[in-house]
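Student: Here it is, the structure in full.
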Amino acid sequence: MTSPPADDTAGRAVALAVLIGASYMFPLYLTGAVGVAVRTDLGLDSTAFGAAISVFFAVGAVLMPVGGRIVDRTGPGPAVRLALVGAATCLVSVAALGGTYAGLCVAMAVGGVGSAVAAPVGGMLIARGVPPGRRALAFALERSSIPAATLVAGICVPTLAAVLPWRAVFLCAAVLVALVLLLPVPHVGRAAVTSSARTPLRPLAPLLLVVGMFVLGSAAATALSTFLVGYGVFLGLSAGTAGVVLAVMSAATIGVRMLSGVVGARVSGRVVVSGLLFLGVAGFLLLTVPLPVAALVGAVVAGAAGWGWTGVLGHAVVRAHAGAPGAATALVQAGGCVGGVVGPLLMGVLVEHGSYAVAWAAMAALVAVAGVAALANRRILATSDEEPGVDPDKDTDLTSERTSVRLSGTGNATKGAAVQDGPLTGVRVLDVSTILAGPLCCRILGDHGAEVIKVEHPEAGDGMRGHGQAKDGVPLWWKEISRNKRALGLKLSTPDGADLLLRLAATADVLVENFRPGTLERWGIGPDRLHEVNPGLVVVRVTGFGQTGPYAGRAGFGTLAEAMSGFAHLTGEAGGPPTLPAFGLADSICGMAASTAAMTALFARERNGGRGDVVDINLLEPIMAAVGPGPTVYDQLGEVGERHGNRSTHNSPRNTYRTKDGRWVAVSSSAQSIAERVLRLVGHPEVVEEPWFATGLGRAGHADLIDGHVGGWIAERTEAEVTEAFEAAGAAVAPIYSARDLVEDEHVRETGMLTSVPDDDLGPVLMQNVLWRSAGAPGRIRFTGRALGADTDDILAELGVHAPEVARLRADRTVA
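Our numbering numbers the first residue of the sequence shown as 188 and each following residue consecutively.
If you want it as structure tokens, here you go:
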């Protein structure tokens, strides 16, 4: 289960992502920072040195897509350690093998292998360990790790290299990277189990456009970095001066990325990216001016812009492909590696031939074209935090305790959602069930912070929409039972519908369904298939009689469970017919039990390596547990309970009694001391002295006598007088309430058992509050039940389904 992304977990996820980014890029920038010394030792020209650096990116570009899938499969712990081991190994390899050109290339290749795993880790950590409204800034911080590594290399390394041999510098860096291995990996287990190597990266067209922009940004920034640090020939810079200039560019890049993270959380992502692209155009045009100051300013501006737009693009891609964050990050980072190959090679040739102005002008033209393309791209460069349940107008500061939920379509207005919405914050639940038990289970999970997506038939909807009373055509029970659930209309029995559910399941933690056994399997979306796309998915299957056994295929309803459990047999007046409850008792008990089962399975998932389980729960067993030990009593004593009206077979007094003013009260005396107080209160202390009164069974055997004394005393007093006297005596009594009485009760009001929730259709709606409340993460009601399909477009967009495809699906009646 995804741990609730509390501030410490989210902060540690970001910090570790930053450290990993800095670590795996450090070998490259160390090589650039001591490039003068390395080239002198090896007698290399600029082109050869640039080619050696390009090996790092070339290997990374080839292996990174594989690394992304590895990250999605293994989860954060193994991937983080593998990445850091790769970085440390590369640093040691440079120190050991860098005395020859071939050795330097081999060391760079080792670094490329490490980067293939390290690059996707940061995106995965943030995608799964940081709440949605805070990810824009988190990604900006993570992407700032690369210029931060450059800054350290530019300022510290030349100074250190003046004191120590350059090989010793690499060994010192290897020790620092190795120390990062000792840090605890934040608990973001969902990343390891909700992604799959089969999760598609779609839509491909805008994704490839973004990869192209990544190639361009990385090529531009690495070319400038190589130009400034590795050579500085054009400006005649010393290694120290070039390092300072690079440090300025790196500091500017960090500033640009942080600013883009803040801005990107509030405005369109394509505005941020296109703005940075056109800023890059200005920087490259300045580089064409044959003046040192113009060249320096242009390099700083263009380099900062280049790294800046790649950072925003990285966030956009991971957001659009949340089902496989490692693979998505790897793809765009592979594009960055391609740019890293092109950039140093390009600069190596330019340094030898001095064709700067033409090259920078060509780069400016390419970046301008990319800027126009960014403005035209409306899908993958949507609002930077346009994620499930996030309102960009709300506070998204990384230090804030709150994100927000944005709901679109016909339904509720925006409701804020705190990170502390409950202990299940960060868990995604698919409610594929109908009527009561399954929906109640998911309502409880949603009340405690889980993001719940309600999947309904696009035409019929959930039968709960027609249950109970309505006001002006608006179903009232639906507003309560489907609160905190986004609404998706989807026909699962069609191939398209089944495919969409599988894609959605790849991003989820729990799926709750209550179809007859074999139905999901017939549609190709049974547990085995679901676990193929998401090995960590917990599947809760609610049925009338279970998945196996002679009755498995029968229609199952709560009434049948109430009948078969023994409840109806024990309920009713002696000699009268068995009595059923006037409400969904079996369904409700099962729904609460199913929510416990789901949370138990999520907890178990944390202990068994991230493997999700299949929970088989039926309507009959939970109410059997509530009815009591009847089977055990029959097994051991051969006795079968009978109906006794409101009396108990275990103690007395236990009944309902009418007061003088026509009200009814209930008395209970499960404890011996309470029974004694009641009989003394009603004026019959002599009964307490009877030997049979000393046990509950003895009192139950004399219920007629006891009820006569208690009922007669209560009948002579009003409800208020009875309640006051019982309370003074320390005895147990309660008025029998209607819904009106419950709403007007001062204790119910003051303790918040009922709460008023805003609703767009009905205005303020009074409903039952969250079932239990804890001090640290109490849970809350964020919004009421939604209209059928109110969130379909948004949810499908998050899966990468474009508007024309949604229109086709809607025309086919696959979605609503």
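Here a beta-carbon is modelled for each residue, glycine too, at the ideal position from N, C-alpha and C.
Just so we're clear, the structure is a prediction, and the values are computed from it rather than from any experiment.
Less than 8 Å between the CB atoms is what I'm expecting for S620 and V525, so what's the real figure, rounded?
Tutor: To locate residue 620, count along the sequence shown from 1; it is residue 433. To locate residue 525, count along the sequence shown from 1; it is residue 338. S620 to V525, Cβ: 47 Å. No contact.
Student: Tell me, please, whether the region 993 to 1003 touches the region 680 to 699 by the rule of three or more beta-carbon pairs shorter than 8 Å.
Tutor: Yes: the two stretches touch, three or more of their Cβ pairs being nearer than 8 Å.
Student: Just to confirm my understanding: we take W900, look at its own chain, exclude 5 residues before and 5 after, and list those with CB closer than 6 Å. What are they?
Tutor: One-based indexing of the sequence shown puts residue 900 at position 713. Closer than 6 Å at the Cβ level, and outside the excluded window around W900, lie V869.
Student: Whole angstroms is fine: what's the gap from V253's alpha carbon to A544's?
Tutor: Sequence index remark: in the sequence shown, residue 253 carries index 66 (1-based). Sequence index remark: in the sequence shown, residue 544 carries index 357 (1-based). Cα to Cα, V253 sits roughly 38 Å from A544.
Student: In this structure, does DSSP put L958 in helix, strand or coil?
Tutor: Here residue 958 refers to the residue found at position 771 of the sequence shown. If DSSP states are grouped into helix, strand and coil, L958 belongs with coil.
Student: When we look at the beta-carbon of T819 and count the other beta-carbons within 10 Å, is it buried (16 or more) or exposed?
Tutor: Taking the first residue of the sequence shown as position 1, residue 819 is located at position 632. Flag for T819 reads exposed.
Student: When you compare the CB positions of A791 and D803, do they come within less than 8 Å of one another, or not?
Tutor: Within the sequence shown, the letter at position 604 stands for residue 791. Within the sequence shown, the letter at position 616 stands for residue 803. Not closer than 8 Å, so no.
Student: Taking only runs of the alpha helix (DSSP H) that begin and end inside the region 735 to 809, which ones reach a length of at least 4 residues, in chain order?
Tutor: Counting only runs of 4 or more, we get 745 to 751, 754 to 757, 772 to 794.
Student: In the DSSP assignment, what are the bridge partners of V699?
Tutor: Taking the sequence shown and counting its residues from 1, one reaches residue 699 at position 512. Per DSSP, D618, V727.
Student: Going by DSSP in three states, G950 sits in which element: helix, strand or coil?
Tutor: Reading the sequence shown from its first residue, position 763 is the one you call residue 950. Three-state DSSP puts G950 in a strand.
Student: Quick check: A1034 and R830, are their CB atoms within less than 8 Å of each other?
Tutor: With the chain represented from 188 up to 1003, any question about residue 1034 goes unanswered, as that position is not in the structure.
Student: What are the partner residues of V639, as DSSP defines its beta bridges?
Tutor: As a working mapping, residue 639 is identified with position 452 in the sequence shown. According to DSSP, V639 bridges with V616, K672.
Student: For the alpha helix (DSSP H) containing V993, name the first residue and the last one.
Tutor: Your numbering for residue 993 matches position 806 in the sequence shown. 990 to 998 is the span of the alpha helix (DSSP H), which, as asked, contains V993.
Student: Name the DSSP bridge partner or partners of S943?
Tutor: On the sequence shown, residue 943 is found 756 positions in, with the first residue counted as 1. Answer is L953, bridged to S943.
Student: Using DSSP with H/G/I as helix, E/B as strand and the rest coil, what is L677?
Tutor: For this step, residue 677 is matched to residue 490 along the sequence shown. Strand, per DSSP.
Student: Does the beta-carbon of E903 have 16 or more other beta-carbons within 10 angstroms, so that it is buried, or is it exposed?
Tutor: For the purposes of this step, residue 903 is identified with residue 716 of the sequence shown, where counting begins at 1. Under this definition E903 is an exposed residue.
Student: Ignore the nearest five residues each way along the sequence and tell me which others in A551's own chain have a CB closer than 7 Å to its CB.
Tutor: Position 364 of the sequence shown holds residue 551. Contacts found: V468, F471, L472.
Student: Give the DSSP-derived three-state secondary structure of Y844 in the structure shown.
Tutor: Here residue 844 refers to the residue found at position 657 when the sequence shown is read from its first residue. Note: Y844 maps to strand in three-state DSSP.
Student: Can you give the Cα-Cα distance for H635 and G966, rounded to whole angstroms?
Tutor: For the purposes of this step, residue 635 is taken as the residue at position 448 of the sequence shown. For the purposes of this step, residue 966 is taken as the residue at position 779 of the sequence shown. Using only the alpha carbons, I get a separation of about 4 Å.
Student: DSSP on W851, reduced to helix/strand/coil?
Tutor: As a working mapping, residue 851 is identified with position 664 in the sequence shown. Strand at W851.
Student: From which residue to which residue does the alpha helix (DSSP H) around A921 run?
Tutor: The residue you call residue 921 lines up with position 734 of the sequence shown. It is not in any alpha helix (DSSP H) - A921 instead sits in the beta strand (DSSP E) that spans 920 to 922.
Student: Report back the beta-carbon spacing between C277 and V242 to the nearest angstrom; my notes put them in contact at under 8 Å.
Tutor: The count along the sequence shown starts at 1 and reaches residue 277 at position 90. The count along the sequence shown starts at 1 and reaches residue 242 at position 55. That belief does not hold up - the Cβ atoms of C277 and V242 are roughly 11 Å apart, past 8 Å.
Student: Once the 5 residues before and after A481 are set aside, which same chain residues still bring their CB inside 7 Å of it?
Tutor: On the sequence shown, position 294 is the one that residue 481 refers to. Counting only Cβ-Cβ distances below 7 Å, and skipping sequence neighbours, we find L473.
Student: Give the single residue among L203, E646, G797 whose Cα lies nearest to the Cα of N721.
Tutor: Start at 1 with the first residue of the sequence shown, and residue 721 comes out as number 534. Considering only alpha carbons, the answer is G797.
Student: What residues are listed by DSSP as bridge partners for K666?
Tutor: Translated into positions along the sequence shown, residue 666 becomes position 479. Note: K666 sits in no beta bridge, so no partner.
Student: On the DSSP letters alone, give me the boundaries of the alpha helix (DSSP H) that P818 sits inside.
Tutor: On the sequence shown, position 631 is the one that residue 818 refers to. Taken as a continuous stretch (DSSP letters only), the alpha helix (DSSP H) holding P818 covers 817 to 824.
Student: I'd like the span of the alpha helix (DSSP H) that includes A862, first residue to last.
Tutor: Translated into positions along the sequence shown, residue 862 becomes position 675. Looking at the DSSP string, the run of the alpha helix (DSSP H) that includes A862 is 859 to 868.
Student: V827 by DSSP, collapsed to three states: which one?
Tutor: The sequence position of residue 827 within the sequence shown is 640, counting from 1. V827: coil per DSSP, three-state reduction.
Student: Output the distance between the C-alpha atoms of I897 and P840, rounded to the nearest integer angstrom.
Tutor: Within the sequence shown, the letter at position 710 stands for residue 897. Within the sequence shown, the letter at position 653 stands for residue 840. For the sequence presented, residue 897 should be read as Val rather than Ile. C-alpha separation (whole angstroms): 8 Å.
Student: At the level of alpha carbons, what is the spacing between G376 and L717?
Tutor: Mapped onto the sequence shown, residue 376 falls at position 189. Mapped onto the sequence shown, residue 717 falls at position 530. Its pLDDT being 43, under 50, G376 is placed unreliably by the model, and nothing is read from it.
Student: Grab the span of the alpha helix (DSSP H) containing E933 for me, first residue to last.
Tutor: Taking the sequence shown and counting its residues from 1, one reaches residue 933 at position 746. Taken as a continuous stretch (DSSP letters only), the alpha helix (DSSP H) holding E933 covers 933 to 937.
Student: Could you check what DSSP says for R661 in three-state terms: helix, strand or coil?
Tutor: Here residue 661 corresponds to residue number 474 of the sequence shown, with the count starting at 1. The sequence shown places Val at residue 661, not Arg. Three-state DSSP puts V661 in a strand.
Student: Take every Cβ of the region 745 to 753, pair it with every Cβ of the region 807 to 822, and state whether three or more of those distances are shorter than 8 Å.
Tutor: In short, these stretches touch, since the Cβ pair count reaches three.
Student: For L707, count neighbouring C-beta atoms within 10 Å of its own C-beta (all shown protein chains included) and say buried if the count is 16 or more, exposed if not.
Tutor: Stepping through the sequence shown from its first residue, residue 707 is reached at position 520. The residue in question, L707, is buried, as its Cβ has 16 or more Cβ neighbours within 10 Å.
Student: Among the residues of its own chain, which have a CB less than 8 Å from the CB of L632, if the five just before and after it don't count?
Tutor: As a first step, residue 632 must be located in the sequence shown, where it is residue number 445. Correct list, in chain order: L611, V614, V616, V639, V697, S782, A785, M786.
Student: Going by CA-CA distance only, name the one from L466, G917, G711, I313 that's closest to I861.
Tutor: Along the sequence shown, read from residue 1 onward, the residue named residue 861 stands at position 674. Among L466, G917, G711, I313, the Cα nearest to that of I861 belongs to G917.
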